[in-house]
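Only one structure is covered here, and it is reproduced in the block below.
Residue numbers (full-length UniProt numbering): 1 to 267.
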């Protein structure tokens, strides 16, 4: 049995100029943000169902991280002079890929993973333009994958997506998250990077609850072959390459501060 990345995954060249729908990433376009979701066991877990859960209400009332989380040492080594100016943190599941232990027609990847003592075959598809997105983004950003998935699963998957580690410099897994009320929060302080020069792209806004003005939300992806979100995200990210502080521009574009404030419970 072969566990390899299949050919035929869409690239930017296949559809680079055919984006007709308005994008939340274009400066004058309306905003549309997907919410929270529950994934497979190897994916990002939550105790809440999407239709019953308002992520912004949770974000408005999230307690501070526990003291031990604030005392964690920085995970990433210090930047070198040749490092890109900005660190781009990318989610994995439903942002770059969709994987499942269920049957899947024409998966891009297949590999075994041991979960709770049982070996299961994981099947997955890459979001359209995922590899090309990583290639182009790595030319301008220091890229780190930060996933709430287990390392045993995510490492195997990333070894197929970027086997030579040409694009993704760092990998962070569930054990680097802060577990808060049933959710895995990606506290960017653990990176040890300047937050003025750090961006996180995630399909679940809850993931960046502690740094909402660093967060670029992206629609969850499962199987749409015509999806162009990664092209649109890259276009927006390119406007941030040379700025001194990415947070005001991100917050102006996606209005995360307002969304969270408007969802706060009345005192």
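C-beta atoms are modelled at their ideal positions from N, C-alpha and C, and glycine is treated no differently.
Take residue 167 and list the residues in its own chain whose beta-carbon comes closer than 7 Å to its own, dropping the five residues that flank it on each side. The residue labelled residue 167 in the question sits at position 167 within the chain shown. So the list reads 134, 135, 138 and 143, once near-sequence residues are dropped.
State the DSSP-derived secondary structure class of residue 198, mapped to helix, strand or coil. Numbered from its first residue, the chain shown carries residue 198 at position 198. In this structure, residue 198 counts as strand in the three-state DSSP scheme.
Report buried or exposed for residue 252, applying the criterion of at least 16 other Cβ atoms within 10 angstroms of its Cβ. Here residue 252 is taken as the residue at index 252 of the chain shown, counted from 1. Exposed, because fewer than 16 other Cβ atoms sit within 10 Å of the Cβ of residue 252.
Can we say the region 143-162 touches the region 236-247, given the rule of at least three CB pairs closer than 8 Å? no
Classify residue 125 as helix, strand or coil using the three-state DSSP reduction. Translated into the one-based positions of the chain shown, residue 125 becomes position 125. Residue state, collapsed to three classes: strand.
6 Å Cβ shell around residue 264 - same chain, five flanking residues per side excluded: Translated into positions along the chain shown, residue 264 becomes position 264. Only 60 meet the Cβ criterion.
For residue 234, which residues of its own chain have a beta-carbon under 8 Å away from its beta-carbon, when the five flanking residues on both sides are left out? Numbered from its first residue, the chain shown carries residue 234 at position 234. The answer, listed in chain order, is 133, 136 and 137.
Please look up how many angstroms separate the CB atoms of residue 210 and residue 65, rounded, as I've assumed it's under 8 Å. As a working mapping, residue 210 is identified with position 210 in the chain shown. As a working mapping, residue 65 is identified with position 65 in the chain shown. Going by Cβ atoms, the distance from residue 210 to residue 65 rounds to 7 Å, so yes, they are a contact pair.
If I follow the unbroken beta strand (DSSP E) through residue 228, where does it start and stop? Position 228 of the chain shown, counting from 1, holds the residue named residue 228. Segment: none, residue 228 is in no beta strand (DSSP E) and carries neither H nor E.
Alpha-carbon spacing of residue 100 relative to residue 127, whole angstroms: In the chain shown, counting from the first residue as 1, residue 100 sits at position 100. In the chain shown, counting from the first residue as 1, residue 127 sits at position 127. Answer to the nearest angstrom: the Cα atoms are 14 Å apart.
Closest by CA to residue 341, which one among 227, 197 and 165? The question about residue 341 has no answer here: the residues shown for the chain are numbered 1 through 267.
Flag this pair as yes or no: are the beta carbons of residue 92 and residue 154 separated by less than 8 Å? In the chain shown, residue 92 corresponds to position 92, counting from 1. In the chain shown, residue 154 corresponds to position 154, counting from 1. Yes; because the gap between Cβ atoms is below 8 Å, this pair is in contact.
On the DSSP bridge list, what partners appear for residue 154? Within the chain shown, numbered from 1, the residue matching residue 154 stands at position 154. Residue 154 pairs with nothing; no bridge assigned.
Answer with buried or exposed for residue 205, where buried requires no fewer than 16 other C-beta atoms within 10 angstroms of its C-beta. To locate residue 205, count along the chain shown from 1; it is residue 205. Looking at its Cβ environment, which holds 16 or more other Cβ atoms inside 10 Å, residue 205 is buried.
Would residue 76 and residue 184 be called neighbours here (beta carbons separated by less than 8 Å)? Residue mapping note: residue 76 aligns to position 76 of the chain shown, counting from 1. Residue mapping note: residue 184 aligns to position 184 of the chain shown, counting from 1. No.
Between which two residues does the alpha helix (DSSP H) carrying residue 61 extend? As a working mapping, residue 61 is identified with position 61 in the chain shown. 55-61 is the extent of the alpha helix (DSSP H) around residue 61.
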